[in-house]
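Here's the structure, in structure tokens; my notes come after.
There are 2 protein chains.
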Amino acid sequence: MENFEFYNPTRIIFGKGKIRKAGPETIKLARKVLLVTGMGSVKRAGIFQQVADSLDKAGLEFIELEGVKPNPNVAKVREGIHLVREHNLEAVVALGGGSVMDTGKAVAAGACLDDGDVWDLFTGKKEIQKALPVITIPTLAASGSEMNGYMVITNEESDYKLATGSPHVYPRFSILDPTTTYSVPADHTAYGGVDAVCHLLEPYFNGPAPCTPVQDHLAEGLIMTILEATTAALENPRDYNTRATLMWGATLALCGLTKAGVGDHHFPVHLMEHALSAKYHVPHGAGLAALLPGWMSWYSLSAPDKVAQLGWRVWGIEAGDKAEGAKKAIKAFRSWLKEIRCPTCLRDLDVSPEDHQGLAENAFFQARIWGMDKEYTVERMKTILRFCQEE
Amino acid sequence: MENFEFYNPTRIIFGKGKIRKAGPETIKLARKVLLVTGMGSVKRAGIFQQVADSLDKAGLEFIELEGVKPNPNVAKVREGIHLVREHNLEAVVALGGGSVMDTGKAVAAGACLDDGDVWDLFTGKKEIQKALPVITIPTLAASGSEMNGYMVITNEESDYKLATGSPHVYPRFSILDPTTTYSVPADHTAYGGVDAVCHLLEPYFNGPAPCTPVQDHLAEGLIMTILEATTAALENPRDYNTRATLMWGATLALCGLTKAGVGDHHFPVHLMEHALSAKYHVPHGAGLAALLPGWMSWYSLSAPDKVAQLGWRVWGIEAGDKAEGAKKAIKAFRSWLKEIRCPTCLRDLDVSPEDHQGLAENAFFQARIWGMDKEYTVERMKTILRFCQEE
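Just so you know, the sequences run in chain order G and H. Just so you know, we're using this note's numbering here: the first sequence kicks off at 1 and counts up by one. Just so you know, we're using this note's numbering here: the second sequence kicks off at 1 and counts up by one.
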């Protein structure tokens, strides 16, 4: 096991009807807040009104930043920062999926920048020194943003989708009410499940397999849970326990637990997907689904044991040798992706081999910011993309 | 899944050589600290000197409270509180096993009591309103005290061993350096493993089995890890990865993760063991080992499926029906206890059936403090103890 630090101070308030806690809990931190929302689904589902009523009742004032799109862009973040400054807002409440939460975090950090632009926090030009308190109320089981210090923002002018992180943007608390996910459509339920599984698989298949039995068992347990719960949620979208399982599983998938101790944390699939969705505007989970099986095939060349271990522990796959076990594990994973109607290769997204160079360069640009450029060169990215092109 | 809140703000600094961080990290919180230690093993192993040097070098003053015994008693806590007040100490650094850490937490909370005695915090007469910052440096993989807000103290005058908890005593940070556990003798390595497994089994077998796939998979993963690592540590006490796995596994076993969502959390085995060790002064892990198989047999009468699930997922046990699966699971668990040379029933500890009444009453007294007395009456405790008497 490699040395590590683990710290996650986000308080989770989990359960049916807990959305009503939004006001009473937020008022402990601020009186005037920015309320960030997306493209209207929380309004149509009546969730927005419940939160607004709760904030009102607790005596909170709020200003709305609505219309955050999937693959959220920096222009919207700037708009939020402007509102915070104009109205002297004291905290940010983000109500929605990963895009909304990440926008909320970026506003919270950007509003505390004395000079420079918020995009500098993503390119590495500046560091996050402080942030307004962040509160999240996720309405999608996917990104894990509700219990970590990361955020991903797209700059539409430059075609870059970049991630950054800081302990300052850990949500002070997050309210996870599984009933808010009842109305998530089938495709986004599936993409959310894929995103969560990808958050577990990237540290699991991290460089030369380290000795990490604790982390392996935790990741495998969460993967089994999420595979099963995603399939079940598609069959019965309003089953409380299924939605609760998916929601808590997805949150834990990126809370830092399964990557603590695995060593330098590489996440090439996310980098390549960010390149993909910056350019093709595909949903994040769909992009990940198209990359994961190919990436696993590439990884199994150097560490077939670990892929075979996944196969054995998650699907009970027995095989003559490790390479065969790995192959069968990838096949089982691909079957799950098909079952939940996700793409399983780049061709499914109409990406052609000529696009690889551009995608690899974009991914490499991000790798440099994260200090992963020695491991993940343009050439290596192109190799992985070749594995992902066709089934 | 039941509604829950989860909050764990302890920062973990994990790894080889990390003990040197004691000074530089503590100085951020205090200048003068109480340094709590046990019966001398950390001094003999040279660990104390490393910590003392690190504190010195960082410019910290410290006063020692040494001689904390297993099943730590309230008299020692009072001594610590006296030292804190006399020297105006600002934080508590606990260096040792669960007893030392729990004593440190009790001192930190008791020193902030304006009136009344620290024992009142255990009997429920008073609540913990604040505490000095607590820092722990565990030297044993067992109690999980390094990442939770609990503590257990014995009152030798009254023969009661009581637990209490508060968010105020979560360690601000804990330094987990697996090399500090190299010198733990075989019996205490084994007892530590049993304690950690018990922390996982009690919420796992909690009342009528709730629908908790996330929690189940996490607990099963950690149980598998700890069973294996305990056996391995006995074979090769100085293997870093084994000790690291055991240490991190034991910490996660009682950090709140596996019990969040399982509903009202009952822990009858711990209550009965506290009765046992208050009276017979057996090591905590030995007492738990003597109780666990019998308690599992009792539990499997009402929920054989859950015990069989453990058998299938942890040991791969297939069986004709659930009752048979449960029986085989308990047998497998008992075999592990024997392999690591632990008792497996009360008779192994020279407890006789005549002692059950007193033990049950003592456990019931504790159950009342925790609001578990409706479920766990004296009669029920006696029934469970009967199951634990003989193999």
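Where is the CB? At the ideal position from N, CA and C, for every residue including glycine.
Quiz item: Taking only beta-carbon atoms, is ARG11 (chain H) less than 8 Å away from chain G?
Solution: Your numbering for residue 11 (chain H) matches position 11 in the second sequence. ARG11 (chain H) has a beta carbon lying within less than 8 Å of a beta carbon in chain G.
Quiz prompt | 8 Å Cβ cut-off: residues of chain G touching LEU201 (chain H) | solution = Residue 201 (chain H) sits at position 201 when you count from the first residue of the second sequence. Going along chain G, no residue has its Cβ under 8 Å from LEU201 (chain H), so there is no contact; the nearest lies around 16 Å.
Exercise. Throw me the rounded Cβ distance for the ASP102 (chain H) and ILE63 (chain H) pair, which I believe falls under 8 Å.
Key: Along the second sequence, one-based indexing puts residue 102 (chain H) at 102. Along the second sequence, one-based indexing puts residue 63 (chain H) at 63. Contact doesn't hold; Cβ gap of about 19 Å is too wide.
Self-check item: Paired residues, beta bridge with ARG11 (chain H) - DSSP
Solution: Numbered from 1 along the second sequence, position 11 holds the residue referred to as residue 11 (chain H). DSSP lists H:PHE173 as partners of ARG11 (chain H).
Quiz item: What in chain H is Cβ-close to LYS306 (chain G), meaning under 8 Å?
Solution: What you label residue 306 (chain G) is simply residue 306 of the first sequence in a count that begins at 1. Near LYS306 (chain G) there are no residues of chain H at all, since even the closest Cβ is about 16 Å away, more than 8 Å.
Quiz item: Are the CB atoms of PRO203 (chain G) and LYS279 (chain G) nearer to each other than 8 Å?
Solution: Your numbering for residue 203 (chain G) matches position 203 in the first sequence. Your numbering for residue 279 (chain G) matches position 279 in the first sequence. Going by C-beta atoms, PRO203 (chain G) is not nearer than 8 Å to LYS279 (chain G).
Practice problem: Compute the beta-carbon to beta-carbon distance between LYS28 (chain H) and ASP177 (chain H), rounded to the nearest angstrom, for a pair I have assumed lies under 8 Å. | Solution: Locating residue 28 (chain H) in the second sequence gives position 28, counting from the first residue. Locating residue 177 (chain H) in the second sequence gives position 177, counting from the first residue. With a Cβ gap of about 19 Å, LYS28 (chain H) and ASP177 (chain H) do not count as contacting.
Quiz item: So, does the CB of VAL51 (chain G) fall closer than 8 Å to a CB anywhere in chain H?
Solution: Here the question's residue 51 (chain G) lines up with position 51 in the first sequence. Put simply, the CB of VAL51 (chain G) is far from chain H, with every gap to its CB atoms at 8 Å or more.
Exercise. Count the CB pairs spanning the segment 157-175 of chain H and the segment 129-149 of chain H that are closer than 8 Å, and state whether there are at least three.
Key: Contact check between the segment 157-175 of chain H and the segment 129-149 of chain H: three or more CB pairs, one atom from each, fall below 8 Å, which counts as touching.
Practice problem: Give the interface partners of THR393 (chain H) over in chain G, defined as CB-CB distance under 7 Å, in chain order. | Solution: This structure cannot speak to residue 393 (chain H), because chain H is shown only from 1 to 391.
Quiz item: What are the partner residues of LYS161 (chain H), as DSSP defines its beta bridges?
Solution: Numbered from 1 along the second sequence, position 161 holds the residue referred to as residue 161 (chain H). Paired residue(s): H:THR154.
Exercise. Measure how close the beta-carbons of ILE340 (chain H) and LEU234 (chain H) come, nearest whole angstrom, since I'm counting them as under 8 Å.
Key: Locating residue 340 (chain H) in the second sequence gives position 340, counting from the first residue. Locating residue 234 (chain H) in the second sequence gives position 234, counting from the first residue. Your pair ILE340 (chain H) and LEU234 (chain H) checks out as a contact, with CB atoms roughly 6 Å apart and the cut at 8 Å.
Exercise. Could you work out which residues of chain G lie near LYS130 (chain H), taking near to mean beta carbons separated by less than 7 Å?
Key: By 1-based counting over the second sequence, the position of residue 130 (chain H) is 130. Residues of chain G with a Cβ closer than 7 Å to the Cβ of LYS130 (chain H) do not exist; the shortest Cβ-Cβ separation is about 17 Å.
Self-check item: Inter-residue Cα distance where the pair is LYS327 (chain H) and ILE317 (chain H)
Solution: Position 327 of the second sequence, counted from the start, is the residue given in the question as residue 327 (chain H). Position 317 of the second sequence, counted from the start, is the residue given in the question as residue 317 (chain H). Spanning the two alpha carbons is a distance of roughly 10 Å.
Quiz item: Going by the C-beta, is LYS382 (chain G) closer than 7 Å to any heavy atom of the ligand COA?
Solution: The ligand COA is not part of this structure, which contains no ligands at all.
Quiz item: Mind checking whether MET224 (chain G) and HIS168 (chain H) have CB atoms under 8 Å apart?
Solution: Position 224 of the first sequence, counting from 1, holds the residue named residue 224 (chain G). Position 168 of the second sequence, counting from 1, holds the residue named residue 168 (chain H). It is not a contact, given that the beta carbons lie outside the stated cut-off.
Self-check item: Contact set between the segment 7-34 of chain H and chain G, restricted to residues whose Cβ is under 9 Å from the partner
Solution: From the segment 7-34 of chain H, only TYR7, ASN8, PRO9, THR10, ARG11, ILE12, ILE13, PHE14, GLY15, LYS16, GLY17, LYS18 have a Cβ closer than 9 Å to chain G.
Quiz item: For ALA186 (chain H), does the count of other Cβ atoms within 10 angstroms reach 16, so buried, or fall short, so exposed?
Solution: Counting from 1 along the second sequence, the entry for residue 186 (chain H) is found at position 186. Counting other Cβ atoms within 10 Å of its Cβ, ALA186 (chain H) stays below 16 and is therefore classed as exposed.
Quiz item: By Cβ distance below 7 Å, which residues in the same chain neighbour ALA45 (chain G) in space, the five residues on each side in sequence not counted?
Solution: Position 45 of the first sequence, counted from the first residue, corresponds to residue 45 (chain G). Closer than 7 Å at Cβ, skipping near neighbours: SER183.
Quiz item: What span of residues does the alpha helix (DSSP H) with LEU34 (chain H) cover, start to end?
Solution: Residue 34 (chain H) sits at position 34 when you count from the first residue of the second sequence. LEU34 (chain H) -> not in any alpha helix (DSSP H); beta strand (DSSP E) instead, spanning 32-36.
Quiz item: Nearest CA to the CA of PRO304 (chain G): which residue from G:GLY256, G:GLU379, G:PHE205?
Solution: Working through the first sequence from its first residue, we reach residue 304 (chain G) at position 304. Comparing Cα positions, the closest option is G:PHE205.
Self-check item: Expected contact under 8 Å - CB spacing of VAL36 (chain G) and VAL68 (chain G) to nearest Å
Solution: Looking up residue 36 (chain G) in the first sequence gives position 36. Looking up residue 68 (chain G) in the first sequence gives position 68. Indeed, because the Cβ distance is near 6 Å, the residues count as touching under 8 Å.
Quiz item: So, helix, strand or coil for GLU61 (chain G), using DSSP?
Solution: Residue 61 (chain G) sits at position 61 when you count from the first residue of the first sequence. Of the three classes helix, strand and coil, the one that applies to GLU61 (chain G) here is strand, per DSSP.
Quiz item: Does the beta carbon of ASN241 (chain G) come closer than 8 Å to any beta carbon on chain H?
Solution: Mapped onto the first sequence, residue 241 (chain G) falls at position 241. So yes, ASN241 (chain G) belongs to the interface.
Quiz prompt | Residue interval of the alpha helix (DSSP H) (run including THR231 (chain H)) | solution = Taking the first residue of the second sequence as 1, we reach residue 231 (chain H) at position 231. Element bounds for THR231 (chain H): 213-235.
Quiz item: According to the neighbour-count rule (16 or more other Cβ atoms, all chains shown, within 10 Å of its Cβ), is SER302 (chain G) buried or exposed?
Solution: By one-based count along the first sequence, residue 302 (chain G) stands at place 302. Classification for SER302 (chain G): exposed.
Quiz item: Start and end of the beta strand (DSSP E) containing GLY96 (chain H)?
Solution: As a working note, residue 96 (chain H) is residue 96 in the second sequence. Membership of GLY96 (chain H) in the beta strand (DSSP E) is indicated by the continuous run 91-96.
Quiz item: What are the boundary residues of the alpha helix (DSSP H) that includes PRO268 (chain G)?
Solution: Here residue 268 (chain G) corresponds to residue number 268 of the first sequence, with the count starting at 1. Segment 268-280, the alpha helix (DSSP H) holding PRO268 (chain G).
Exercise. Check the Cβ of GLY249 (chain G) against every Cβ in chain H and list those closer than 7 Å, keeping chain order.
Key: Within the first sequence, numbered from 1, the residue matching residue 249 (chain G) stands at position 249. Chain H residues near GLY249 (chain G): VAL214.
Quiz item: Whose Cβ in chain G lies nearer than 8 Å to the Cβ of LEU222 (chain H)?
Solution: Within the second sequence, numbered from 1, the residue matching residue 222 (chain H) stands at position 222. Those within 8 Å of LEU222 (chain H) in chain G are VAL214, HIS217, LEU218.
Quiz item: In this structure, what does DSSP give as the bridge partners for GLU5 (chain G)?
Solution: Translated into positions along the first sequence, residue 5 (chain G) becomes position 5. For GLU5 (chain G), which the question treats as bridged, DSSP gives the partners H:ILE13.
Exercise. Would you list, in sequence order, the uninterrupted alpha helix (DSSP H) runs of no fewer than 4 residues that lie entirely inside the segment 273-358 of chain H?
Key: You should have 284-302, 304-315, 322-339.
Exercise. Give the interface partners of PHE4 (chain G) over in chain H, defined as CB-CB distance under 7 Å, in chain order.
Key: Here the question's residue 4 (chain G) lines up with position 4 in the first sequence. Correct list: PHE14, GLY15.
Quiz item: Does the beta carbon of THR225 (chain H) come closer than 8 Å to any beta carbon on chain G?
Solution: Taking the first residue of the second sequence as position 1, residue 225 (chain H) is located at position 225. Residue contact with chain G for THR225 (chain H): present (Cβ-Cβ distance below 8 Å to some residue of chain G).
Quiz item: Listed in chain order, which residues of the segment 248-278 of chain H have Cβ atoms closer than 9 Å to some Cβ of chain G?
Solution: Cβ contacts with chain G: TRP248, GLY249, LEU252, LEU257, ALA260, GLY261.
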